[in-house]
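Asks: I am attaching a structure below and will ask some questions about it afterwards.
In the working numbering, the protein residues as written are 5 to 270.
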């Protein structure tokens, strides 16, 4: 891959812990913790997040692991890592805050950031969170990856936004995820915004990837490891790491789709 390069000169090499304060009318100020993982040498910047929904904990755990074990000497450029981008949903133990127990969530729920990117500074709580996170990113990122989870009987899949060109397709192929979907070339019509990977792919014109890990509610070692491998391989693909790629021997490419559907695992 040959992304545009970006150097975060204002930060030293290593792990920088930061908090983003977001003012919400209903809640008052909330703090979103995130990390800047700065490598020893100049290079591109990768944005990675998890924790849009409160019960999707595998991506959260994997990003914390990556931050804890980060080695600046082995990296160029930087990663901006938000393990829990929407902390209001996590203690509620459902997809979103105030979601009725036992009922599915809706894109219209005010704390659901799923289709709210790039957000609005004076909008709903979810829109304000999205707008605040977008404002923290440098003017140019190399790619954006968003981790979600679905139920235990669904397979782990990676989906691209579809508008990021050859670099995005290459990144999708090399993540080490068994099921791959290449997204549509035209952005979907969101309600008040797009998903993060669609926003990155179609608006920022950089690779945007959504990874759906298997199982809600608990940390599944297999899903945790898939997420870690995907971040490592993305860094290798973008030139942030130089060590060899880790390959998934069982890989299935599925045709571009025009509507959402699920792959069920046996």
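Virtual Cβ for every residue (Gly too), placed ideally from N, Cα, C.
Give me the Cα-Cα distance between residue 166 and residue 154, rounded to the nearest whole angstrom.
Replies: If I take the Cα positions, the gap works out to 21 Å.
Asks: With a cut-off of 8 Å, do at least 3 Cβ pairs link the region 78-90 to the region 36-49?
Replies: At 8 Å Cβ cutoff, the stretches touch.
Asks: Could you give the residue range of the beta strand (DSSP E) that holds residue 138?
Replies: Where residue 138 is concerned, there is no enclosing beta strand (DSSP E), although the alpha helix (DSSP H) it sits in stretches over 129-140.
Asks: Residue 171: buried (16+ other C-beta within 10 angstroms of its C-beta) or exposed?
Replies: Burial call: buried.
Asks: At 3 residues or longer, what runs of the beta strand (DSSP E) sit wholly inside the region 179-239?
Replies: Runs found: 183-185 and 212-218.
Asks: Round the Cβ separation of residue 43 and residue 65 to the nearest angstrom and send it over; I've been treating them as touching at under 8 Å.
Replies: Not quite, the Cβ-Cβ distance comes to about 23 Å (not below 8 Å), so this is no contact.
Asks: Nearest to residue 177 by alpha carbon, out of 240, 158 and 28?
Replies: The option with the nearest alpha carbon to residue 177 is 240.
Asks: Can you tell me where the beta strand (DSSP E) holding residue 150 begins and where it ends?
Replies: Residue 150 -> beta strand (DSSP E) spans 147-154.
Asks: Label residue 216 either buried or exposed according to how many other C-beta atoms from any shown protein chain fall within 10 Å of its C-beta, with 16 as the threshold for buried.
Replies: Result: buried.
Asks: How many whole angstroms separate the CB atoms of residue 184 and residue 258, which I take to be in contact at a CB cut-off of 8 Å?
Replies: 7 Å between Cβ atoms; contact.
Asks: Excluding the 5 residues preceding and the 5 following residue 54 in the sequence, name in chain order all residues of the same chain whose CB lies nearer than 6 Å to its CB.
Replies: Within the same chain, residue 54 has close Cβ partners 63, 64, 67, 87 and 151.
Asks: Please go through the same chain and pick out, in chain order, the residues whose beta-carbon is closer than 7 Å to the beta-carbon of residue 250, but skip the five residues on each side of it.
Replies: The answer, listed in chain order, is 180, 233, 236 and 237.
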